[in-house]
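In what follows, a structure is listed as structure tokens, so that the remarks can point back to it.
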Amino acid sequence: MSRTTIAFLGQCHTYGYPGVPPDAAFPQIMRRSIESHHPETKLKVVLEPYDHPSGLSRAVTRALRSRPRIVVIEVTGWLAIKGSGAVNLSRLPRTLHSTYDRVRHFRAASQLMVSMIPRGAELLYRFQANTFEAIASVLGPLIARYPKPTVEEYRLSVSAAVTQIAKTPGTQVVIQGPGSPNLDLNFRSLAPDAVERYCAVKRIAREVAVKHGAIYVDRWNAVSRDFYSEGSIRPTAEGHAEWGHLLAHELMSNEIL
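Just so it is clear: in the sequence shown, position 8 is 7 by numbering that gives the first Met the number 0, and no numbers are missing.
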């Protein structure tokens, strides 16, 4: 029986959220679909998050530690339209750029703060009763909020990630382009060219795949009317099933398993 590791570099839709548990997210749908068609194959799914193109390189480094046969890079339109103004990150250690890194840092910092409070003191009670507010008031100014990346910055980050993966022989890269946007969303609070940015991200995802000889999965039209949760960019469980089966089909069609 062959065992294959597939690593996913993406956002919350790779590992689930309220309404879509991890087992119903599309990577697990893909796994079950492939295993049902190829009972002799067992897949291990590894998930590495990145929430901004600048964090993609670190996600690649973490993913390669699991020695995957396939690395799937999620290239989503949302990353090109969300974000805020740039902030000064000099107050954070240089290594804390991704949400994954910052959560670990802030968890350790909060635990240190608790350990410094004398046991039995009234302050301890107040701190425990208002843990979130206390930590947020101290650590909040340190949390990085990234600016919206330009489409060109996104392209360069994805291209660099593929080059980084290519240094590991025998590793196949798969690039998944964005699905078409949920047009029922209120885009007034986002960039005025939000839909155009989605289209541009689709274009650069395909271009990077062609340039590096990666497999490209076009998800633009794999979005039915009820694909998204109401008022959200998040796919429903049914939407995840569509994406999971599509990816399984592409991987089997390209005979890389």
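Glycine included, each C-beta is placed from N, C-alpha and C at the ideal position.
Item to check | Coarse secondary structure for Q163, derived from DSSP in three states | outcome: helix
Checklist entry - To the nearest angstrom, how far is it from the Cα of T4 to the Cα of P67? => result 5 Å
Next on the checklist: In the DSSP assignment, the beta strand (DSSP E) including E73 goes from what residue to what residue?
Outcome noted: I69 to E73
Next on the checklist: Extract the residue ranges of the alpha helix (DSSP H) inside the region 182 to 236, only unbroken runs of 4 or more that lie entirely within it.
Outcome noted: 193 to 211
Next on the checklist: What does the Cβ neighbour count give for R106, buried or exposed, with the cut at 16 atoms within 10 Å?
Outcome noted: Only weak support is given to the placement of R106: the predicted model assigns it a pLDDT of 48, under 50, and the value that follows is read from those uncertain coordinates. Per the 10 Å Cβ criterion, exposed.
Checklist entry - Touch check for the region 206 to 214 and the region 233 to 240: three-plus C-beta pairs under 8 Å? => result no
Item to check | Separation of P168 from E229, as counted between CA atoms | outcome: 43 Å
Item to check | Short Cβ contact (8 Å threshold) for I80 with K147 | outcome: yes
Checklist entry - With burial defined as no fewer than 16 other Cβ atoms inside 10 Å of the residue's Cβ, what is the status of T149: buried or exposed? => result exposed
Checklist entry - Could you give the distance in angstroms between the alpha-carbon of S1 and the alpha-carbon of I164? => result 22 Å
Item to check | Environment of A154 [buried if 16+ CB atoms lie within 10 Å] | outcome: First, the residue type needs correcting, since residue 154 is Arg and not Ala in the sequence shown. By the neighbour-count criterion, in which 16 or more other beta carbons inside 10 Å mark a residue as buried, R154 falls on the buried side.
Checklist entry - Quick one: is D50 buried, meaning 16 or more other Cβ sit within 10 Å of its Cβ, or exposed? => result buried
Checklist entry - From this set, Q10, V59, A6 and H37, which residue's C-alpha is nearest V71's C-alpha? => result Comparing Cα-Cα distances from V71 to each of Q10, V59, A6 and H37, the minimum goes to A6.
Item to check | Validate contact between the region 50 to 63 and the region 34 to 42 using beta carbons, cut 8 Å, 3 pairs | outcome: no
Next on the checklist: Within 10 Å of its beta-carbon, does L182 have 16 or more other beta-carbons around it, so buried, or fewer, so exposed?
Outcome noted: exposed
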